[in-house]
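Counting in this note's numbering, the sequence shown runs from 4 upward without gaps. Please read the structure below before turning to the comments.
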Amino acid sequence: NRQGNDVGTQYRSVIFHHTDGQRETALDLIRGLDRDGPWVDPIVTELAPLETFYPAEEYHDRYFERNGEQPYCQVVIAPKIAKFRKHFMNQGISPT
């Protein structure tokens, strides 16, 4: 329930699932990462059924793509995308 200095449930990591099959797929992935992944601490991502979806305002959509030159994007988001690419692109997983 934290992202940098921001704390609260709105900053938690969560996977919203439509079906039990999606929930099981996510659980399998989390268990695999806990068992074999590069992290020492366990994955704490919450799993929850999708109830109601509210689209974000237009200016939030594809934020990094549209605002990549902004300091926040350069300092916070760009290193995370680079790390993702380094670890997962060879597995055919894309960040989009």
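Yeah, the Cβ is synthetic: ideal placement off N, Cα and C, and Gly gets one too.
Sub-7 angstroms separation of Ile129 and Phe67 beta-carbons: It is not possible to answer for residue 129, since the shown part of the chain is limited to 4 through 99.
With H, G and I counted as helix, E and B as strand and the rest as coil, what does DSSP make of Glu49? Here Glu49 sits in strand by DSSP.
Rounded Cβ spacing between Leu50 and Arg26 (contact assumed at less than 8 angstroms): 6 angstroms
Decide if the region 16-35 is in contact with the region 51-70; the criterion is three or more beta carbon pairs, one per stretch, under 8 angstroms apart. yes
Write down the C-beta distance between Ile33 and Thr12 rounded to the nearest angstrom, noting that I regard them as a contact closer than 8 angstroms. Not quite, the Cβ-Cβ distance comes to about 19 angstroms (not below 8 angstroms), so this is no contact.
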